[in-house]
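Input: a single structure, listed below in structure tokens.
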Amino acid sequence: MVDIPEHLLLRTAEARAKALGISVEQALAEMKGQSEPTIISKEPDAQLLEETAVQEAEVPKSEPDVEKPKEEPAAEKTESEVITPIKEEHAAETPQKVAAVTIEEKPAAKAPAPAPEKPAAQAPAAKVSAPPAAAAKNGAPEEVDFAPEVKVTQRLLTVVKAKPIQKPVAEPVDKVNTWPHLMLPEFVSLMAMTAFLILLSAILQAPLLEEANPNVTPNPAKAPWYFLGLQELLSYWDPQIAGVMIPLVLGVVLWMAFPYIDRNPETNPSKRKFAIMFYTFFLAGAGVLTIIGVLFRGPGWNWTYPWIDGIWFDDLLDWIHFE
Amino acid sequence: MQKLSLRDKIKEARISAADSFRGGKLMSSIFRPGSPFRKGYVDSPRNRSYVVMNNVLYHLHPVKVKRHGVRLSYTLCLGGLSFFLFIVLTITGIWLMFYFRPTELAYVDIQNLQTSIAFGSLVRNMHRWGAHLMVLVVFLHMSRVFYHGAYKAPREFNWVIGVILLLLTLLLSFTGYLLPWDQLAIWAVTVGGNMAGYTPVIGAQAKFGLFAGLEATTATLLRFYVLHVLFLPFIIVIFMAVHFWRVRKDGGISGPL
Numbered sequence: 141m142v143d144i145p146e147h148l149l150l151r152t153a154e155a156r157a158k159a160l161g162i163s164v165e166q167a168l169a170e171m172k173g174q175s176e177p178t179i180i181s182k183e184p185d186a187q188l189l190e191e192t193a194v195q196e197a198e199v200p201k202s203e204p205d206v207e208k209p210k211e212e213p214a215a216e217k218t219e220s221e222v223i224t225p226i227k228e229e230h231a232a233e234t235p236q237k238v239a240a241v242t243i244e245e246k247p248a249a250k251a252p253a254p255a256p257e258k259p260a261a262q263a264p265a266a267k268v269s270a271p272p273a274a275a276a277k278n279g280a281p282e283e284v285d286f287a288p289e290v291k292v293t294q295r296l297l298t299v300v301k302a303k304p305i306q307k308p309v310a311e312p313v314d315k316v317n318t319w320p321h322l323m324l325p326e327f328v329s330l331m332a333m334t335a336f337l338i339l340l341s342a343i344l345q346a347p348l349l350e351e352a353n354p355n356v357t358p359n360p361a362k363a364p365w366y367f368l369g370l371q372e373l374l375s376y377w378d379p380q381i382a383g384v385m386i387p388l389v390l391g392v393v394l395w396m397a398f399p400y401i402d403r404n405p406e407t408n409p410s411k412r413k414f415a416i417m418f419y420t421f422f423l424a425g426a427g428v429l430t431i432i433g434v435l436f437r438g439p440g441w442n443w444t445y446p447w448i449d450g451i452w453f454d455d456l457l458d459w460i461h462f463e
Numbered sequence: 018m019q020k021l022s023l024r025d026k027i028k029e030a031r032i033s034a035a036d037s038f039r040g041g042k043l044m045s046s047i048f049r050p051g052s053p054f055r056k057g058y059v060d061s062p063r064n065r066s067y068v069v070m071n072n073v074l075y076h077l078h079p080v081k082v083k084r085h086g087v088r089l090s091y092t093l094c095l096g097g098l099s100f101f102l103f104i105v106l107t108i109t110g111i112w113l114m115f116y117f118r119p120t121e122l123a124y125v126d127i128q129n130l131q132t133s134i135a136f137g138s139l140v141r142n143m144h145r146w147g148a149h150l151m152v153l154v155v156f157l158h159m160s161r162v163f164y165h166g167a168y169k170a171p172r173e174f175n176w177v178i179g180v181i182l183l184l185l186t187l188l189l190s191f192t193g194y195l196l197p198w199d200q201l202a203i204w205a206v207t208v209g210g211n212m213a214g215y216t217p218v219i220g221a222q223a224k225f226g227l228f229a230g231l232e233a234t235t236a237t238l239l240r241f242y243v244l245h246v247l248f249l250p251f252i253i254v255i256f257m258a259v260h261f262w263r264v265r266k267d268g269g270i271s272g273p274l
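Going down the list, the protein sequences come from chains A and B. Position one of the first sequence corresponds to residue 141 (my numbering), numbered consecutively onward. Position one of the second sequence corresponds to residue 18 (my numbering), numbered consecutively onward.
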């Protein structure tokens with residue numbers, strides 16, 4: 141047998157106990173097959189419901205605690221009756237009493253030992269107040285006073301929680317198939333990149349100067365272009381600052397830690413102006429320094445103008461002389 | 018029935034032969050169900066899922082992606098192109114290894130490659146320009162990610178891996194810079210290595226470790242060669258695997274903005 145979680149079992153037992161007017165323990169025992177099931181009356185309750193269509197809605201919630209005379213009219217029936225569970229043999233008797241419309245007031249105060257409130261007992265939209273419900277749960281049949289005058293109006297079959305069992309956690313996302321909507325553009329861009337690279341390589345010759353000679357230092361000696369911004373910085377500041385601290389601390393540590401520093405969850409550009417400004421300044425700074433290093437630095441790392449003095453950057457040799 | 022001309026008969030025979038080949042056991046064993054190369058492929062939502070699901074690409078792509086993410090203007094394909102350039106560089110690099118010795122002969126080898134080996138010059142150019150391009154594309158990819166705020170939770174750690182990948186790309190490019198063993202190579206690497214020498218406390222050691230000596234020599238060449246063709250690619254592939262895996266685990270492409 142499938143194991144039913146204890147809390148669900150209990151909830152069902154409570155509902156059943158309430159409906160049949162038996163104790164929760166007994167209902168539980170019945171459900172587990174440990175005792176004989178309570179026989180349900182053949183009396184149709186629907187009939188009762190129809191006959192006693194009452195204005196329960198008008199009854200204020202606070203009323204059940206108020207003592208009322210026995211001769212109250214039907215319109216003033218209180219909640220305690222509304223939810224009073226039916227003992228089945230009793231339910232069979234009631235139809236004869238319907239015409240009389242006499243009411244036995246059963247204030248909530250009379251309910252036997254208040255059991256701890258269970259949310260399941262209060263849940264439905266029907267105006268169920270806790271104490272009578274507790275009475276139903278708790279009370280063994282002899283404890284609950286089912287006076288013959290009590291007019292049964294409705295019967296609680298079960299208690300259904302208002303909330304769904306499964307809670308959706310993610311909103312549906314507008315998605316498309318990877319094939320062909322993503323893979324095709326990818327394939328096209330790969331092809332375009334390949335074509336571009338082959339074309340570039342066919343047109344532009346990679347530089348190859350004379351053989352390496354440690355004894356002949358070219359002037360200027362330039363690093364690869366992606367380090368030329370740093371080399372440019374080196375000409376301004378102490379090498380320990382420009383050559384190491386900036387690339388290491390700023391470039392690596394700060395860069396890696398950036399998502400942990402910028403805790404602003406917004407992705408909308410207008411709501412993260414500082415971050416965008418910061419990066420754009422970095423980009424512009426790195427770009428300007430690199431361009432200066434590549435194009436505007438000549439022998440002795442002196443300032444040169446590419447259109448006057450030519451370009452001192454051998455990596456771009458073929459680009460420069462390419463007509 | 019209309020009598021077929023010889024040309025039509027040949028055409029029909031060709032089509033039926035192609036059909037029986039595509040539907041045959043060989044092709045069915047190669048291409049898994051749902052492959053567009055299989056016989057009887059029809060464009061249906063089910064098959065569109067199968068194309069990815071029954072494919073080695075499933076390790077890279079999910080079956081479905083966010084609609085805004087497939088717009089070319091969102092990513093400009095920069096991450097994919099970085100990876101693709103890495104593959105191009107691996108292929109051309111392996112090819113170049115056939116003709117290259119990281120010794121005093123390195124320079125001669127490059128000269129021979131350019132002058133006497135078929136496509137040698139083209140492949141070398143592709144490798145070099147491709148490397149420059151990869152540095153550029155990786156950098157642009159990082160900028161794209163930054164401007165989209167795609168490094169934010171839950172993608173913080175993938176950004177960290179991305180920065181590591183950028184550094185590894187730079188190192189790969191830098192170590193490769195020395196290999197032609199010409200004046201450009203040795204002096205660019207000397208400048209770069211001297212920068213490492215300015216590291217506080219361990220500067221001298223860092224420089225010595227990088228150069229395998231006090232200055233760039235053929236020992237440096239061998240060291241850079243091993244780093245370039247074996248060590249760094251090995252490391253970068255591991256980080257790339259984690260990077261791609263995290264992209265999917267962190268919920269696919271970021272956004273929309």
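Idealized CB from N, CA, C, for every residue including glycine.
* Asked: From the beta carbon of residue 413/A, is the nearest beta carbon of chain B less than 9 angstroms away?
  -> no
* Contact set between the region 396-410 of chain A and chain B, restricted to residues whose Cβ is under 9 angstroms from the partner -> 396, 397, 398, 399, 400, 402, 403, 404, 405, 406, 407, 408, 409
* Would a C-beta distance cut-off of 9 angstroms place residue 168/A and residue 153/A closer than the cut-off? -> yes
* **Rounded C-alpha distance that separates residue 264/A from residue 146/A** => Unreliable positioning characterises residue 264/A in this predicted model, as indicated by a pLDDT of 45, which lies under 50. A coordinate reading is not provided.
* Asked: So which residues of chain A does residue 106/B contact, with C-beta pairs closer than 8 angstroms?
  -> None at all; the shortest Cβ gap to chain A is about 10 angstroms.
* **Contacting residues, own chain, Cβ-Cβ under 7 angstroms from residue 27/B (five flanking each side not counted)** => none
* Three-state class that DSSP yields for residue 265/A in the structure shown -> Summary for residue 265/A: the model assigns pLDDT 43, below 50, so the residue's position carries little reliability; its value from the coordinates is reported in the next sentence. Coil at residue 265/A, not helix or strand.
* To do: Note down, in chain order, each residue of its chain lying with its Cβ closer than 8 angstroms to the Cβ of residue 257/B, except the 5 sequence neighbours on either side.
  => Cβ within range, chain order: 100, 103, 182.
* So, are the CB atoms of residue 430/A and residue 169/B less than 9 angstroms apart? -> no
* Asked: Quick one: Cα of residue 202/B to Cα of residue 314/A, how far?
  -> 51 angstroms
* To do: Note the first and the last residue of the continuous alpha helix (DSSP H) segment covering residue 64/B.
  => 62-70
* To do: Taking all protein chains shown into account, decide if residue 76/B is buried (16 or more other Cβ within 10 angstroms of its Cβ) or exposed.
  => exposed
* Among 437/A, 301/A, 333/A, which residue has its Cα nearest to the Cα of residue 147/B? -> 333/A
* Looking at the unbroken beta strand (DSSP E) that takes in residue 301/A, where does it start and where does it end? -> Per DSSP, residue 301/A belongs to no beta strand (DSSP E) and is neither H nor E.
* Cutoff 9 angstroms: residue 216/B Cβ touching any chain A Cβ -> yes
* In the region 318-334 of chain A, which residues sit with their C-beta less than 8 angstroms from some C-beta in chain B, listed in chain order? -> 318, 319, 320, 321, 322, 323, 325, 326, 329, 330, 333, 334
* Name, going along the chain, the residues of the region 57-84 of chain B whose beta-carbon falls closer than 8 angstroms to a beta-carbon of chain A. => 62, 65, 66, 68, 69, 74, 78, 79, 80, 81, 82, 83, 84
* Of all the options 253/B, 44/B, 115/B, 204/B, which has the alpha carbon lying nearest to the alpha carbon of residue 155/B? -> 253/B
* **Coil, strand or helix - residue 443/A by DSSP** => strand
* To do: Show which residues of chain B have a CB atom less than 8 angstroms away from the CB atom of residue 357/A.
  => Contact annotation for residue 357/A against chain B: 204 [CB-CB distance below 8 angstroms, chain order].
* To do: Could you give the DSSP three-state label for residue 411/A: helix, strand or coil?
  => helix
* In chain order, which continuous runs of the alpha helix (DSSP H) of length 4 or greater are located wholly inside the region 320-395 of chain A? -> 323-343, 368-374
* Simplified DSSP assignment, three categories, for residue 218/B -> The DSSP-derived three-state label of residue 218/B is coil.
* For the beta strand (DSSP E) holding residue 81/B, just list the boundary residues, first then last. => Counting along the chain, the unbroken beta strand (DSSP E) around residue 81/B starts and ends at 81-83.
* **For residue 315/A, the first and last residue of its enclosing beta strand (DSSP E)** => Residues 315-317.
* Just mark residue 133/A as buried or exposed, buried being the case when its beta carbon has 16 or more other beta carbons within 10 Å. => Lying before the first or after the last residue shown, residue 133/A is absent from chain A, which here runs from 141 to 463.
* To do: Count the other CB atoms, across all protein chains shown, that sit within 10 Å of the CB of residue 447/A; report buried if there are 16 or more and exposed otherwise.
  => exposed
* To do: Measuring only between beta-carbons, confirm whether residue 438/A sits less than 9 angstroms from chain B.
  => no
* Asked: Taking any Cβ of chain B, which residues in the region 378-389 of chain A have a Cβ under 7 angstroms from it, in chain order?
  -> 379, 380, 383, 384
* To do: For my contact list, residue 249/B and residue 195/B are in at a C-beta cut-off of 8 angstroms; report their separation, rounded to the angstrom.
  => With a Cβ gap of about 13 angstroms, residue 249/B and residue 195/B do not count as contacting.
* Could you work out which residues of chain B lie near residue 367/A, taking near to mean beta carbons separated by less than 7 angstroms? => 209
* Whether residue 206/B touches residue 371/A by CB criterion (9 angstroms) -> Not in contact: residue 206/B and residue 371/A (Cβ atoms no closer than 9 angstroms).
* Pick out the complete alpha helix (DSSP H) segments inside the region 70-128 of chain B, 4 residues or longer, and give them in chain order. => Qualifying alpha helix (DSSP H) stretches, in chain order: 89-92, 95-114.
* To do: Identify whether residue 402/A lies in helix, strand or coil by the three-state DSSP scheme.
  => coil
* To do: Please list the residues of the region 119-138 of chain B that have a C-beta atom closer than 8 angstroms to any C-beta atom in chain A, keeping them in chain order.
  => 124, 127, 128, 131, 138
* **Residues of its chain near residue 160/A, where Cβ-Cβ distance is below 6 angstroms and the 5 sequence neighbours each way are ignored** => 178
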